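Peer 1: Protein chains in written order, with this note's numbering: chain A, 1 to 698; chain B, 699 to 1396.
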């Protein structure tokens, strides 16, 4: 689907242009007039003859030529009629500025649906309603009521907050950040972030995609699209809002710990989105990605004319996972050959406060050419002799000669301004503070890792799907929301997750046979549909070590059961494998209202409950995502083994997570589930799910 | 000690003023000339007759009048001679700009000591050497080679990085931040951060104290002074540099986990320092504290004209521990009475994008007068109709009428500039991004909590200090760095930390008597100076439950010992209390090179080793600091009891920490120690140190 009519219309009508200059319709019309749009544009207002000496039409139908795009600014209740007229006129795209739709309650919501339906039947696309408008600096036109038209550039932006758009445009002017397309999403009655992601991907003039979201419209589609887009262009998003949408089941551990925030974090991580925590981060990362090539590694060289600033930068590197390069001995020798003796020739290289441009740039050149360096961070403080412009020019030349990443931190304002302008004009991003420079470099590196990550392959295990279908069908027919113990275990077993070996013995002879198969030690349980609390009647024995103990216990169990509950039907005794694995982990799933099945992993018991040390991913997951889930929890060292302990069988956890992923993907009606615990043996000895809870719904 | 001669000198000489305009001495002389200094000032240079038509003297001794303060810019090797002359001339304070001292190696270090010694014997104070100079905007004078003189204001600043000073001055001009005193510390040959903290405290024109440090000179004194200063004026510090100074023992858990960063974090926390993580934070917090009264609680009201910005602000509150106020029903009703129906009348209050100043301010007024509100966060986005100046003026008036904290976030640049200027002129801090506004508000609230915290009282327990002295004396006389098991336990016992009850029985009769006293179950161990590995010879029995088992085991132990080691001298059997407490914690101490004894607390075993979930404080600590140490670890819920478990006896941990604090304060020669584990029983049932390691040194 092309949004050409929206972004490159041949002609525009603004429907609802007031004569009063401060009114929204008028402001938009003025912005179109002043932004250099090359096609014809028409004001529509039944009460005016002309506006700014441009002929005004009572209705769009009265315009004598074709209209490709219309901006609608009339009160909400008139929008259906206007949309009908747009249909008749053959309009292809509309931007509805008017408020009073979904955001205003039930009536507004109905009205919005009506408008969307009229548009759809006429093949018209909608941006909004309840939005600020859109801008394309290339077309060029500004069909919004912003006070600014941004500078032309290669960043495109969409925003779910119209008001924030205004602030962002204001900042971007000061920071000299240029935009290509700028979209206020409004209520997203038709076009959503996904449509614009697709458009920006195909658009050769957009290099970096940015956005502010409060929620996504279709979670699964969003992940699919943004995962693909991110492989080709960086997508930087701010996600605001911490409250959960929709009702949420909280009967499971996973349900308690999962939340909208966890789901967004997981979805963004899996789909390569560069997650900005604030609008400031969004800007910082945008210019880095718009201006500079990606670093091919995490080894940075720092050059500075101030020791203190170098120290701050090193601190920031450590916090952000950027490594200070170890220079080759050749580089160190060469640095030593011309730097004063008080200078530091190791990373961060301090050329000292009295350095002129020549010394600084000679060092910078050496660093960027060292094969142990992936990026150069150029720190400059305005000391009295510092040649700010000359240094900036030299860095700009350096940047042209290298494929490596260069970012700058010329610290200060007025005194460094001239230098910063040179840097920006030469596509070197500058940050006022080292922390922000390094955070941006780290974001670039994380994005680079996503770009080069192998294509996702989802393993498909050979499973007994039909059996699970039957179990679920039975549960649903019995109106059971929670599956029983046995059924839940059977479900995971059908998907190849090991559960304790269990068999029913009718008599002692059968029991001894079974015991040989399962192996000692054993757990025995009375088998009776009438006995719910087996322990209370002496119906459970654990740690049965041999044939003699089996005989004794078997008899005991039958005897006690009969004694306590003479009328109970006793089917025999269940023999179950005794699980002696030391480590417990939890695998869980909770259905997120936006993104669907959200998988959770954590260490069993206290780690999950008290420390909330868990990780999340949206299903389905790949093998490497399963590994990430396991290794990113803080208590991971306990699994790998500390103090010379053997490692747990992490491969078997990965395998179980993948099988769980397949299960919850195959059965969207699983609302929540916990495998708690999955008992994990030492490396190579597998793991066993001893307790499983599944609830069905929706 | 007064620094009056330094900050308010009657006259100034600049020794080493070059005729060349770009040279440092010349720049400083120009800065003094141009900064409005009211007393006489003299250039000293044997090679010039006059500079800028001001008579130049060959030596300070040739100046015909008294000189109170001298700025020294001659090469390092001439500084001793110049300092001698300053002594003869009766100079009281000097600022040594010259480099080539301690920072340049061993020779420089010697030279620095020589200069300091000359100054001391002449009663002269020194700032520097190797510094940028100092500024006092009140005196006023600028005796530095910065390119700027800052605006006059009530923030004072010291910095261990001279170059950073330059950048900070440059920023401060742009951000309209005013300074009072501005000091580049240099090598701190004489005056250190502690001297300036004391001066700034007494100085009525300094309201907020700020500083950039890479290390402190005297850790213990620093803590003492800054703790007192912080009670009266906010002290905001950036600490850069993550490497540890000096050699560090790493034979204990505490030693491994403690580090310079942990020690600084602890020291800052305990002494009320507002710890800024970057220079940006330093600025942000400074203006909040310089401009606004402290919030008396953590309940903030947010008013905004943009929903999205409100959401971002709420998110930031949650991350920073700021609570969104619950308004009184009266406030909500009143808001509803005049706000449009689409507005949000709950926190954050969204007055909508079409709001003019009147509506916004009416809401702001209601909010700040609600008794459930401690602070107001005013968010404004430049939508088309927004009356930015009018809104700023209204907020300024509101601020004059209230004692509550108001901070603003007018988002944007050019369009909101006029409003921001009004805000700043009326002492309302403005932040470009909500996250920064809320982080600053949170810093103010944390500081308020320190200001109102009760005076620190260090408990003194009645302990057997003499016994510990003897044990240590013996160990030292035997040249033992590590204390033996028994001795280490005796040490903590002497300080009232419970250890397992232990008694030696020579025969079985004595053993049965002792057993009655200690109580069953018991642990038995063979007592023999010749048997080191007691378990190997069957010399240890645990879980002895009654008299019969005691008899049997007693005989067994003696028998086995004699059988395996016929020549060993056997003194009898040690009876020891059997400790069955479920929870293990670690208390530790590591001697920090800067701050002295650094206490550590964590949960036993894996929590410390794998999760590094520990807390630190510098000893001595108060009872409430001990509580903080315990409750700030992430695994604290495990101590308090989860899943209906009983709470551990946290009081006994507090008590043990305080006793440990007293011990390590009394004995500075303890280099490291671990009580690992302290076994903790349920609430009310105390705790027992079962294993103690102590190493001595220094």
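The beta carbon of each residue, even a glycine, is placed where N, CA and C say it ideally should be.
Owing to the predicted nature of the structure, the values given are computational and were not obtained by experimental measurement.
Does DSSP classify residue 1048 of chain B as helix, strand or coil?
Peer 2: Residue 1048 of chain B: strand per DSSP, three-state reduction.
Peer 1: Given that a residue counts as buried once 16 or more other Cβ atoms are within 10 Å of its Cβ, and exposed if not, what is residue 253 of chain A?
Peer 2: The predicted position of residue 253 of chain A is uncertain, since its pLDDT is 47 and thus under 50; a value taken from the coordinates is nonetheless stated next. Burial call: buried.
Peer 1: Does the contact criterion of 3 or more C-beta pairs under 8 angstroms hold for the stretch 1097-1105 of chain B versus the stretch 1061-1073 of chain B?
Peer 2: Result yes; three or more Cβ-Cβ pairs closer than 8 angstroms.
Peer 1: Report the neighbours of residue 353 of chain A on chain B: residues whose CB is nearer than 8 angstroms to its CB, in chain order.
Peer 2: Neighbours of residue 353 of chain A on chain B, chain order: 860 and 861.
Peer 1: How about residue 758 of chain B and residue 713 of chain B: are their beta carbons less than 7 angstroms apart?
Peer 2: Contact flag set, yes.
Peer 1: Could you give the C-beta distance for residue 1296 of chain B and residue 961 of chain B, rounded to a whole number, given that I count them as a contact under 8 angstroms?
Peer 2: About 5 angstroms; that satisfies the 8 angstroms criterion.
Peer 1: Have a look at residue 1040 of chain B and residue 144 of chain A and give me their C-alpha separation to the nearest angstrom.
Peer 2: For residue 1040 of chain B and residue 144 of chain A, the distance between alpha carbons rounds to 22 angstroms.
Peer 1: Which residues, taken in chain order from the stretch 1323-1336 of chain B, show a beta carbon closer than 9 angstroms to some beta carbon of chain A?
Peer 2: From the stretch 1323-1336 of chain B, only 1332, 1333, 1334, 1335 and 1336 have a Cβ closer than 9 angstroms to chain A.
Peer 1: Between residue 692 of chain B and residue 935 of chain B, how many whole angstroms is the CB-CB distance? I'm expecting something under 8 angstroms.
Peer 2: A query on residue 692 of chain B cannot be resolved here, the shown segment of chain B reaching from 699 to 1396 and no further.
Peer 1: Are the C-beta of residue 926 of chain B and some C-beta of chain A separated by less than 7 angstroms?
Peer 2: Judged by the 7 angstroms Cβ criterion, residue 926 of chain B is not in contact with chain A.
Peer 1: Quick one: list the residues of chain B neighbouring residue 286 of chain A, beta-carbon separation under 9 angstroms, in chain order.
Peer 2: The contacting residues do not exist; residue 286 of chain A stays about 15 angstroms from chain B at best.
Peer 1: With a threshold of 16 other CB atoms inside 10 Å of the CB of residue 42 of chain A, please say whether the residue is buried or exposed.
Peer 2: With 16 or more Cβ atoms within 10 Å of its Cβ, residue 42 of chain A is classed as buried.
Peer 1: Determine the closest residue to residue 389 of chain A out of A:30, A:500, A:425 and A:234, with distance taken between C-alpha atoms.
Peer 2: Ranking A:30, A:500, A:425 and A:234 by Cα distance to residue 389 of chain A puts A:425 first.
Peer 1: Alpha carbon to alpha carbon, how far is residue 1356 of chain B from residue 1019 of chain B?
Peer 2: One C-alpha to the other measures close to 29 angstroms.
Peer 1: Could you list which residues in chain E have their beta carbon closer than 8 angstroms to that of residue 385 of chain A, in chain order?
Peer 2: No chain E is present in this structure, whose protein chains are A and B.
Peer 1: DSSP on residue 298 of chain A, reduced to helix/strand/coil?
Peer 2: Correct three-state label for residue 298 of chain A: coil.
Peer 1: Measuring alpha carbon to alpha carbon, tell me which of B:1143, B:995 and B:859 ends up nearest residue 983 of chain B.
Peer 2: Minimum Cα distance to residue 983 of chain B is reached at B:1143.
Peer 1: Chain A beta carbons: is any one of them nearer than 7 angstroms to that of residue 1073 of chain B?
Peer 2: Cβ-Cβ to chain A under 7 angstroms: no for residue 1073 of chain B.
Peer 1: Hey, residue 187 of chain A and residue 299 of chain A are a contact pair by Cβ (cut 8 angstroms); roughly how many whole angstroms apart?
Peer 2: So it is not a contact: roughly 47 angstroms between Cβ atoms.
Peer 1: Of all the options A:482, A:559, A:122 and A:590, which has the alpha carbon lying nearest to the alpha carbon of residue 260 of chain A?
Peer 2: That would be A:590, whose Cα lies nearest to the Cα of residue 260 of chain A.
Peer 1: Pick out whichever of B:1382, B:1294, B:1337 and B:817 has its Cα sitting closest to the Cα of residue 1395 of chain B.
Peer 2: Residue B:1294 is the option with its Cα nearest to residue 1395 of chain B.
Peer 1: Is residue 1212 of chain B buried or exposed, if buried means 16 or more other CB atoms sit within 10 Å of its CB?
Peer 2: Residue 1212 of chain B should be labelled buried.
Peer 1: Helix, strand or coil for residue 842 of chain B per DSSP?
Peer 2: It is a strand residue.
Peer 1: Using only CA atoms, which one of A:108, A:93, A:77 and A:10 lies nearest to residue 65 of chain A?
Peer 2: Residue 65 of chain A has its Cα closest to that of A:10, out of A:108, A:93, A:77 and A:10.
Peer 1: Can you tell me whether residue 52 of chain A is buried or exposed? The criterion is at least 16 other CB atoms within 10 Å of its CB, across all chains shown.
Peer 2: By the neighbour-count rule (16 or more Cβ atoms within 10 Å), residue 52 of chain A is not buried but exposed.
Peer 1: Would you report the Cα separation of residue 519 of chain A and residue 666 of chain A, rounded to the nearest angstrom?
Peer 2: So the alpha carbons of these two residues sit roughly 34 angstroms apart.
Peer 1: So, helix, strand or coil for residue 702 of chain B, using DSSP?
Peer 2: Three-state result, residue 702 of chain B: helix.
Peer 1: Whole-angstrom Cβ separation of residue 131 of chain A and residue 162 of chain A, contact assumed at under 8 angstroms?
Peer 2: Correct: roughly 5 angstroms between the Cβ atoms.
Peer 1: Could you pull out every residue in the same chain whose Cβ sits closer than 6 angstroms to the Cβ of residue 629 of chain A, ignoring the five residues on either side in sequence?
Peer 2: Cβ within range, chain order: 601, 615 and 617.
Peer 1: Which residue from B:1223, B:1234 and B:785 puts its Cα closest to that of residue 1240 of chain B?
Peer 2: Among B:1223, B:1234 and B:785, the Cα nearest to that of residue 1240 of chain B is on B:1223.
Peer 1: Along chain A, which residues have their Cβ under 8 angstroms away from the Cβ of residue 912 of chain B?
Peer 2: Going along chain A in sequence order, the residues near residue 912 of chain B (Cβ under 8 angstroms) are 308 and 311.
Peer 1: Since residue 1362 of chain B meets chain A, which of its residues come closer than 9 angstroms, beta carbon to beta carbon?
Peer 2: Within 9 angstroms Cβ-Cβ: nothing; residue 1362 of chain B doesn't reach chain A, min ~27 angstroms.
Peer 1: With distances taken from CA atoms, which of B:1182, B:1133, B:899 and B:1191 is nearest residue 1160 of chain B?
Peer 2: Checked all of B:1182, B:1133, B:899 and B:1191; the closest Cα to residue 1160 of chain B is B:1191.
Peer 1: Under 8 angstroms, CB to CB, which of the residues in the stretch 400-415 of chain A have a partner in chain B?
Peer 2: From the stretch 400-415 of chain A, only 411, 412, 413, 414 and 415 have a Cβ closer than 8 angstroms to chain B.
Peer 1: Enumerate in chain order the residues of its own chain whose CB-to-CB distance from residue 1412 of chain B is below 8 angstroms, with the five nearest sequence positions on each side excluded.
Peer 2: With chain B represented from 699 up to 1396, any question about residue 1412 of chain B goes unanswered, as that position is not in the structure.
Peer 1: Can you tell me where the beta strand (DSSP E) with residue 1109 of chain B in it begins and where it stops?
Peer 2: Residue 1109 of chain B -> no beta strand (DSSP E), and no H or E assigned at all.
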